[in-house]
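Worksheet: one structure, shown below.
In the UniProt record's numbering, the protein residues as written are 1 to 315.
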């Protein structure tokens, strides 16, 4: 199960972020953050999972580059949901200790796609072997297997009407000085289309996201979040660890904590939809995905999603 969750995240990052295998292997928790877009994107709150890219074959100057992904219409294809499932398994099931944000050095080397230990990146042979296994099960034939998601993502975006400029921007094939120096340069048109929406803003609507999960369920996911919130608040007042804060100012840690809080909601909503389709998934043997509170919430999500119609503003 852990390998399946890991390779799913690996392939989805390759497809939706147009990332090479090298970039995916090197990715660290500190590279991840959340960016909320204005309500003009559509009726559903639109949060973007942002990834910072510092190095790799296409980044010769080691300047900061960014790519992002929105929640997908289909939870099965959602990068944010798949990442939340991987994190749940690592920190709730596999016994990995949660990150410590006391100092930057305590967590900056923790990988997203972990190898033998959490500070060791997934090796290329392992990445290739797992990709071979998935492609074989799906009957796919390709010469450059770890590179295929990046290529297919670009091709699908073009097929659905994304401009070449947006695809180039998403794949970091051409970066202007302006973007490198001042902007996050996230290709929103590309991100909308590849998440299942139109290129224009205004129609971002997820039927299964209408129900806010009750806090009694949210707080059971990564409960260590609650321990760190007051420490970040204290650090904003320049208080150190001994005074109830942190020893380092750390914008990356603050961004990651906000992302994890959002992924609580994503995970609960997505698994509510996926449960009837995949009832044997092992998630449903663990809290909070069992019990009366979960059953009541999951039924409400599925009922509302089944009865939902596009808002009048989108018709």
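C-beta: ideal position from N, C-alpha, C; glycine also. Small disclaimer: the values here were computed from a predicted structure and weren't measured.
* Would you mind reading off the limits of the beta strand (DSSP E) that contains residue 66? => Position 66 of the chain shown holds residue 66. First-last of the beta strand (DSSP E) with residue 66: 65 to 70.
* To do: Kindly confirm or deny that the segment 30 to 39 and the segment 247 to 256 touch, where touching means at least three C-beta pairs closer than 8 Å.
  => Touching, per the Cβ criterion.
* Give me the Cα-Cα distance between residue 273 and residue 207, rounded to the nearest whole angstrom. => Taking the first residue of the chain shown as 1, we reach residue 273 at position 273. Taking the first residue of the chain shown as 1, we reach residue 207 at position 207. Taking C-alpha positions only, residue 273 is separated from residue 207 by approximately 10 Å.
* Do the segment 84 to 92 and the segment 15 to 25 make contact, defined as three or more Cβ pairs closer than 8 Å? -> With the rule of 3 Cβ pairs closer than 8 Å, the segment 84 to 92 does not count as touching the segment 15 to 25.
* Quick one: residues in its chain with C-beta nearer than 7 Å to the C-beta of residue 284, no 5 flanking neighbours on either side, listed in chain order? => Reading the chain shown from its first residue, position 284 is the one you call residue 284. Answer for residue 284: 275 and 290, listed in chain order.
* To do: Compute the distance between the beta-carbons of residue 245 and residue 238, then report whether it is under 9 Å.
  => Counting from one through the chain shown, the residue named residue 245 turns up at place 245. Counting from one through the chain shown, the residue named residue 238 turns up at place 238. Contact annotation: residue 245 and residue 238 have beta-carbon atoms nearer than 9 Å.
* Looking only at DSSP bridge pairs, what is residue 50 linked to? -> The residue labelled residue 50 in the question sits at position 50 within the chain shown. DSSP, once it has assigned bridges, lists 33 and 68 as partnering residue 50.
* **Per DSSP, the bridge partner or partners of residue 28** => Working through the chain shown from its first residue, we reach residue 28 at position 28. Residue pairing by DSSP puts residue 28 in a beta bridge opposite 111.
* To do: Could you tell me if residue 292 is buried or exposed, where buried requires 16 or more neighbouring beta carbons within 10 angstroms of its beta carbon?
  => If you number the chain shown from 1, residue 292 lands on position 292. Exposed, since its Cβ has fewer than 16 Cβ neighbours within 10 Å.
* Sequence-distant residues of the same chain with beta carbon closer than 7 Å to residue 296, five excluded per side -> Here residue 296 is taken as the residue at index 296 of the chain shown, counted from 1. There are no such residues.
* **residue 212 versus 278, 281, 227 and 304, residue with shortest Cα-Cα distance** => Sequence index remark: in the chain shown, residue 212 carries index 212 (1-based). When only C-alpha atoms are compared, the closest one is 304.
* To do: Compute the Euclidean distance between the alpha carbons of residue 6 and residue 125, then round it to the nearest angstrom.
  => Sequence index remark: in the chain shown, residue 6 carries index 6 (1-based). Sequence index remark: in the chain shown, residue 125 carries index 125 (1-based). Counting only the Cα atoms, residue 125 lies some 14 Å from residue 6.
* To do: Give the straight-line distance between the Cα atoms of residue 97 and residue 259, rounded to the nearest whole angstrom.
  => Walking along the chain shown from the start, residue 97 turns up at place 97. Walking along the chain shown from the start, residue 259 turns up at place 259. Residue 97 and residue 259: Cα-Cα distance of roughly 18 Å.
* **Alpha carbon of residue 77 to alpha carbon of residue 52, nearest angstrom** => In the chain shown, residue 77 corresponds to position 77, counting from 1. In the chain shown, residue 52 corresponds to position 52, counting from 1. Straight-line spacing of the CA atoms in residue 77 and residue 52 works out to 22 Å.
* From residue 130 to residue 71, what does the alpha carbon distance come to, in whole angstroms? -> Here residue 130 refers to the residue found at position 130 of the chain shown. Here residue 71 refers to the residue found at position 71 of the chain shown. Cα-Cα distance, rounded: 25 Å.
* Who are the near neighbours of residue 264 in its chain, counting only those whose CB is closer than 6 Å to its CB and skipping five residues on each side? -> Taking the chain shown and counting its residues from 1, one reaches residue 264 at position 264. Within the same chain, residue 264 has close Cβ partners 218 and 221.
* Cα separation between residue 309 and residue 67? -> Residue mapping note: residue 309 aligns to position 309 of the chain shown, counting from 1. Residue mapping note: residue 67 aligns to position 67 of the chain shown, counting from 1. Their Cα atoms are separated by approximately 31 Å.
* Could you check what DSSP says for residue 96 in three-state terms: helix, strand or coil? => Mapped onto the chain shown, residue 96 falls at position 96. Shown here, residue 96 sits in coil according to DSSP, grouped into three states, outside any helix or strand.
* Asked: In the structure shown, what three-state DSSP assignment does residue 119 receive?
  -> Against the chain shown, residue 119 aligns to sequence position 119. Reduced to three states, the DSSP call for residue 119 is coil.
* Within 9 Å, strictly: CB atoms of residue 277 and residue 41 -> Taking the chain shown and counting its residues from 1, the one referred to as residue 277 is at position 277. Taking the chain shown and counting its residues from 1, the one referred to as residue 41 is at position 41. Cβ atoms of residue 277 and residue 41: not closer than 9 Å.
* Can you tell me whether DSSP reads residue 224 as helix, strand or coil? -> Your numbering for residue 224 matches position 224 in the chain shown. Here residue 224 sits in coil by DSSP.
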